[in-house]
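Following our numbering, the numbering of the sequence shown begins with 41 at its first residue and continues without gaps. We put the beta carbon where it would ideally sit given N, CA and C, even for glycine. Presented below is the structure to which this report refers.
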Amino acid sequence: MGRRGELAVFRETFARDPEEPDFPFLFHVRGNGGVGKSTLVRQWETTAREQPSVVTAFVDDDVHDPIEAMEAVSARLAQQGHPLKKFDKQLAVYRQRRHQAESAAPAPQPGPGGEQSAPAPVASPSSTVAAQVGLAGLGMLPGVGAFVGAVDPQQVALGADRMRSALNMRLRSHDDVQLVMNPVAALAPFFLDDLADVAERCERVVLFFDVYERTGPVLDVWLHDITFGEEHGSLPVNVQVVLSGQLRLDARTWGNRLGQVTEVSLEVFTEEEARTLLATHGVTDEPSVELVLRLSGRLPLLVDMLARSDASAAGGIGDPSETAVERFLKWEPDAGRREAALACALPLQLNEDVYRAAVPEAVAEGYPWLRALAFVSTQAGRCRYHDVVRAAMLRLQRTQSPTRWQRAHLGLAELFRQWREGVEAGIGPDVDSRWEDATWREHRLNETYHRLCADPRTALPEALYEAVHAVDHDIATLRRWAQILGQAGQDSAAPALGSWSHRLEAAADQEGADVVVLTVLLTAPELSASGRALAHTVRAREYRVAGEHERALADYAVAIRIDPDVSRPYAGRGETYRVMGRLEDAVTACTRAVEIDPRDEWAFGSRGDAYRGLGRYDEAFADFARAIELDPQYAWAFGSRAQVHEALGRPDEAVADYTRAVGLDPQYAWAFGSRAYVHQTSGRFTEALADYTAAIGIDPQYEWAIASRARVHHLMGRHEDALADFARAVEIDPDYAWAVASRADTYVELGRYEEALADYSRAIEINPRYEWALTSRGELYRTLGRNEEALADYSRAVEIDPAYDWALTCRGLLYRLLGRDEESVADYTRVVEISPPSLDLVAVRAEMNRGLGRYEDALADYGLTLGDDDQAAWLFAGRAQLYLCLGRHEEAVADCVRAVRIDPEAGWFAALYSFSLRLAGEEREAGAHFRRAIGLLSAEAEGGTTEETSERYGVRSPLDDLAILRDVLRSADPGAEPLVRELEEALRAVDAQGA
41 MGRRGELAVF RETFARDPEE PDFPFLFHVR GNGGVGKSTL VRQWETTARE
91 QPSVVTAFVD DDVHDPIEAM EAVSARLAQQ GHPLKKFDKQ LAVYRQRRHQ
141 AESAAPAPQP GPGGEQSAPA PVASPSSTVA AQVGLAGLGM LPGVGAFVGA
191 VDPQQVALGA DRMRSALNMR LRSHDDVQLV MNPVAALAPF FLDDLADVAE
241 RCERVVLFFD VYERTGPVLD VWLHDITFGE EHGSLPVNVQ VVLSGQLRLD
291 ARTWGNRLGQ VTEVSLEVFT EEEARTLLAT HGVTDEPSVE LVLRLSGRLP
341 LLVDMLARSD ASAAGGIGDP SETAVERFLK WEPDAGRREA ALACALPLQL
391 NEDVYRAAVP EAVAEGYPWL RALAFVSTQA GRCRYHDVVR AAMLRLQRTQ
441 SPTRWQRAHL GLAELFRQWR EGVEAGIGPD VDSRWEDATW REHRLNETYH
491 RLCADPRTAL PEALYEAVHA VDHDIATLRR WAQILGQAGQ DSAAPALGSW
541 SHRLEAAADQ EGADVVVLTV LLTAPELSAS GRALAHTVRA REYRVAGEHE
591 RALADYAVAI RIDPDVSRPY AGRGETYRVM GRLEDAVTAC TRAVEIDPRD
641 EWAFGSRGDA YRGLGRYDEA FADFARAIEL DPQYAWAFGS RAQVHEALGR
691 PDEAVADYTR AVGLDPQYAW AFGSRAYVHQ TSGRFTEALA DYTAAIGIDP
741 QYEWAIASRA RVHHLMGRHE DALADFARAV EIDPDYAWAV ASRADTYVEL
791 GRYEEALADY SRAIEINPRY EWALTSRGEL YRTLGRNEEA LADYSRAVEI
841 DPAYDWALTC RGLLYRLLGR DEESVADYTR VVEISPPSLD LVAVRAEMNR
891 GLGRYEDALA DYGLTLGDDD QAAWLFAGRA QLYLCLGRHE EAVADCVRAV
941 RIDPEAGWFA ALYSFSLRLA GEEREAGAHF RRAIGLLSAE AEGGTTEETS
991 ERYGVRSPLD DLAILRDVLR SADPGAEPLV RELEEALRAV DAQGA
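This is the structure:
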């Protein structure tokens, strides 16, 4: 056999240590079509498999991007007992997340301060550069230049950045966003980790990539990166890579590493190699040998093919005609088999079923014979002709009889149509479900190819329509449709098909490929009205996901104008309105969608979430129930319904729905985080910690879950754990203002005020309109006695949000402490007006109105706060003082009785009671209570103030209490001077005791 030297080069690597510096770990087999590249690498694979503990994976042009390549390697290794389990799991997550990203978005979980961020719409530098480079390449293609000239690279880049931003909200997980935005970068580490595990268990792993002239353009960068470890990690040293193709490796990708590539360049056989191969097939007589050498030009494919003929029969090989096909088939005397060989060149690939449908009945059993032909290769149960042979056979048939050519291709198209419809019967009417099915796509692809070959002009509109569907599925699928257009154009000599293939493949390589490809397709006059409507709908979705809502709405409007009876653009328009906050418009659009298609679960889900935002909870529940009925696996619908339960104050029901969501999707980090938040707000801190930890386990970069877990640690008094998690969250996102401000809260609890101030200030620097952080810093300033700075922060918060009741309350309290009672009352009044009345605030305002002499207003406020006797004692005491000021002594006594009954150990309440009794004429009883009050106040002077009075009035001593009471008595009754003098004596006694 030939190629002994090449076989030996590869075989010898198994005797070498992969740790050697010059170990050949990367081969590139290169040569023209027909020189035997595929045959050689197949022989190399056989050689590898013969070695102990060696596994291999063989990948050809059935893959169309790195993800499919990794999936193919995983499948091949799994067949040998070495599945890539982590990669396979993450690949399933990617497909699920990609679908989720295109679906309705969950609302983000709130932070304590309601922080919002509105970054300026400027594209990142990396996105801008990528867009400029990509568009420059696209502009070189015929027919695309005008489109490219109208596109601003900054807008393309901004679209990519907006998509990242929108996905951050939609998926609520950094890892999920990266998985959808850059799946190769996210999946490759899992692939390499699993491959390393396989390499550790095996002596050697060999990965073969054949037909690399076709797959290289989409695999080059990825293969270069995983081979040399510059991006995703590196291959273990005992993993070898073999590339095989007609072209040199692209110097732009491999240039700095070409010196580490072992090149194996294949030329035609030497005469000795050709004679050796002929001898193995029994062709040894010199005339036959000379004839084969002359006819084949020593091209390995032809030498092998002619060597397999029966040289001894019918006068030997004979002198074939000048046509290449005659060279291939001259040796086959059976006319039926010759016809079968020609017919089987028409399909791209064939199995026995395709063979039977393509050939005459007389040779229907000849599939084993066909598989044994020299120019037929077999893999995974399917056969394909060598490109050199197939191209010649196709040319012959196309030119000899165009009518027969068309009829044969239409017959094959009909075969694949029938098979496609058979798959559809099991899938159902849902178009998306069909495109998700790999078998259905394969039948549709082959049907399209044969219709294009039969009549390129009439089949092109439908093929372009399918290309729109392919983009809708994913870019890898679009690449397959683009390649099939190119293949059909080449095989049917239709340059227009080839042009479309090049334009679509080039567009698919750009940043924001979906939008670019769809824009190119919309320039096609051949695209049908339905195709144009779908293209606008899919492009609108991409705009919506990228946050370019106005562009999305414009595209949805065009789609609806073209085809008003399709539900999808209405549903998409409704979802766009929903994420824009135009909830009524969202309901209207989604309602039209479900009127057209009552089985559109996505429209029901989107409308349900719009109803939730509008507070129309019964309608929201109904829509989510319908969505779940249509798709019981709709995890997002369960999660969104859980939010309705939250809004209605039903934490247990919310937890139940979040639990269903994570049961359906165990990688749903957002649902784990949301369930944790419900546990947190319900005081179930242990459960909250467990769920936040689960969310972080799914996505270690999930900064919201990390910061929220920190908050739970804070609430549990585990401050060091809280600080550790806050630091981790801020490390992931240095501009995460809520995490920075929340860390400041923890520093406050620890008394580390300077660090707290620094964090509050940093949060405000990140978001100057962050009213919660401003108010929190103001509170710290007040604690530190920096009242003017505190007032400035409170006032800035109120300026940002005039209805921010917490800032108004804090400012009102500070005004009160500063003696600025009019401003304090104004702030408290504003709080009572804008939020449900707080009894404490109303009571404080009542006291302040009393101090300002506004007795009627004070009485009205107390009337709002006081009811049953279980109210706080200080409220009754406050109203008692007011009654004394009004001379309503009996009513003052009644309120003092309630205050003393609630808190019998408070000296101030007892003193107020005694003086109220005296003013009411109850001298004897007043004296007893006064002596008891002095005793209680003296005890308080020794032990400090009571918790309630310090909370309600600020830090006060019993001396302060008596001073206040003295002032009350003077204002209540000018004739109460004896009481005042007695009180002053008590004050001096208490003062002396305190000293």
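Q) Which stretch, first to last residue, makes up the alpha helix (DSSP H) that contains Leu854? A) First-last of the alpha helix (DSSP H) with Leu854: Asp845 to Leu857.
Q. How many angstroms separate the CA atom of Glu963 from the CA atom of Arg919?
A. Each residue's Cα considered, the two are about 22 Å apart.
Q.
Within 10 Å of its beta-carbon, does Asp765 have 16 or more other beta-carbons around it, so buried, or fewer, so exposed?
A. Buried, because 16 or more other Cβ atoms sit within 10 Å of the Cβ of Asp765.
Q: Sort Thr96, Val224, Phe65 and Glu789 by Cα distance to Leu131 and report the nearest one.
A: A check of alpha carbon separations from Leu131 across Thr96, Val224, Phe65 and Glu789 identifies Val224 as the nearest.
Q.
Beta-carbon within less than 6 Å of Asn296's beta-carbon, same chain only, minus the 5 sequence neighbours each way: which residues are those?
A. Within the same chain, and ignoring the five residues on either side of Asn296 in sequence, no residue has its Cβ closer than 6 Å to its Cβ.
Q) Name the DSSP beta bridge partners of Phe970, please? A) The bridge partners DSSP lists for Phe970 come to none.
Q) Considering His754, what are the terminal residues of the alpha helix (DSSP H) in which it resides? A) Residue range Glu743 to Leu755 is occupied by the alpha helix (DSSP H) that includes His754.
Q: Closer than 6 Å by C-beta to Ala499: which residues in its own chain qualify, once you throw out the five before and the five after it? Chain order, please.
A: Once the five neighbours on either side are set aside, the close Cβ partners of Ala499 are Arg491 and Leu492.
Q. For Ser532, does the three-state DSSP call read helix, strand or coil?
A. Note: Ser532 maps to coil in three-state DSSP.
Q. Should Val173 go down as buried or exposed, given a rule of 16 or more other Cβ atoms within 10 Å for buried?
A. Unreliable positioning characterises Val173 in this predicted model, as indicated by a pLDDT of 35, which lies under 50. The coordinate reading is nonetheless provided below. So Val173 counts as exposed.
Q.
Check for me: the alpha helix (DSSP H) holding His321 runs from which residue to which?
A. Run containing His321: none; DSSP gives neither H nor E here.
Q: Would you kindly work out how many angstroms separate the C-alpha atoms of Ser205 and Leu232, rounded to a whole number?
A: Note that Ser205 scores a pLDDT of 47, beneath 50, so its modelled location is shaky; the value from the coordinates is reported in the next line. A straight line joining the alpha-carbon of Ser205 with that of Leu232 spans about 29 Å.
Q.
Let me check one thing: in DSSP terms, what residues is Phe98 bridge-paired to?
A. Within the DSSP secondary-structure output, Phe98 pairs in a beta bridge with Phe248.
Q. So, are the CB atoms of Val642 and Gly679 less than 8 Å apart?
A. What sits at residue 642 in the sequence shown is Trp, not Val. Cβ atoms of Trp642 and Gly679: not closer than 8 Å.
Q: With DSSP as the reference, label Leu80 as helix, strand or coil.
A: If DSSP states are grouped into helix, strand and coil, Leu80 belongs with the helices.
Q.
Starting from Gln14, trace the alpha helix (DSSP H) in both directions and tell me its first and last residue.
A. Because the chain is modelled from 41 through 1035, residue 14 falls outside the range shown and cannot be assessed.
**Q.** Own chain, CB closer than 6 Å to Ala510, minus 5 neighbours either side, in chain order
**A.** Leaving aside the five residues that flank Ala510 on each side, the residues in its chain whose CB is nearer than 6 Å to its CB run, in chain order, Thr517, Leu518 and Trp521.
Q. Is Phe50 near the ligand PLP, with its Cβ less than 7 Å from a heavy atom?
A. The ligand PLP is not part of this structure, which contains no ligands at all.
Q) For the 8 Å Cβ check, are there 3 or more pairs between the stretch 420–428 and the stretch 103–111? A) The stretch 420–428 is not in contact with the stretch 103–111.
Q: Taking Glu693 as the reference, give the member of Leu704, Arg681 and Gly852 with the closest Cα.
A: When Leu704, Arg681 and Gly852 are compared, the shortest CA-CA separation from Glu693 is found for Arg681.
Q: Let me know if Glu487 comes out buried or exposed under the rule of 16 or more other beta-carbons within 10 Å of its beta-carbon.
A: Buried is the label assigned to Glu487, since at least 16 other Cβ atoms lie within 10 Å of its Cβ.
Q) Based on Cα-Cα distance, which residue from Ala586, Pro609 and Leu670 lies nearest to Asp595? A) Checked all of Ala586, Pro609 and Leu670; the closest Cα to Asp595 is Pro609.
**Q.** Collapsed DSSP secondary structure at Arg44 in the structure displayed
**A.** When secondary structure is reduced to three states using DSSP, Arg44 falls in the helix class.
Q. At which residue ranges does the stretch 531–566 contain complete alpha helix (DSSP H) runs of 4 or more residues, listed in the order of the chain?
A. If you keep only unbroken alpha helix (DSSP H) runs of at least 4 residues inside the stretch 531–566, you get 535–548 and 553–561.
Q) Skipping 5 residues on each side, what residues in its chain have a beta carbon closer than 6 Å to that of Ala55? A) No residues qualify anywhere along the chain.
Q) Where Arg438 and Ser532 are concerned, what is the direct C-alpha to C-alpha distance, given to the nearest angstrom? A) C-alpha separation (whole angstroms): 7 Å.
Q.
Given this structure, state the Cα-to-Cα distance separating Gln523 from Ala536, to the nearest angstrom.
A. Approximately 13 Å, taken between the alpha carbons.
Q. Is Ser274 helix, strand or coil by DSSP?
A. In the structure shown, Ser274 sits in coil (DSSP, three-state: anything other than H, G, I, E or B).
Q: Report yes if the C-beta distance between Ala735 and Ala747 is below 8 Å; otherwise report no.
A: Taking 8 Å as the Cβ cut-off, Ala735 and Ala747 do not qualify as a contacting pair.
Q: Specify the secondary structure class of Ser956 as computed by DSSP and reduced to three states.
A: If DSSP states are grouped into helix, strand and coil, Ser956 belongs with the helices.
Q: Would you mind reading off the limits of the alpha helix (DSSP H) that contains Phe678?
A: Counting along the chain, the alpha helix (DSSP H) containing Phe678 begins and ends at Ala675 to Ala687.
Q. Short check: CB of Arg749 to CB of Ser782, under 8 Å?
A. Annotated as distal: Arg749 and Ser782, with beta-carbon spacing of 8 Å or more.
Q: Look at the alpha carbon of Ala494 and the alpha carbon of Leu455, and state the distance between them as a whole number of angstroms.
A: Taking the straight line joining both Cα atoms gives about 14 Å.
Q: Return the first residue and the last residue of the alpha helix (DSSP H) that His719 is part of.
A: For His719, the uninterrupted alpha helix (DSSP H) run begins and ends at Ala709 to Thr721, by DSSP.
**Q.** Sequence ranges, alpha helix (DSSP H) only - wholly within the stretch 775–863, length at least 4
**A.** Runs found: 777–789, 793–806, 811–823, 827–840 and 845–857.
Q. Secondary structure at Arg254, three-state DSSP: helix, strand or coil?
A. Here Arg254 sits in helix by DSSP.
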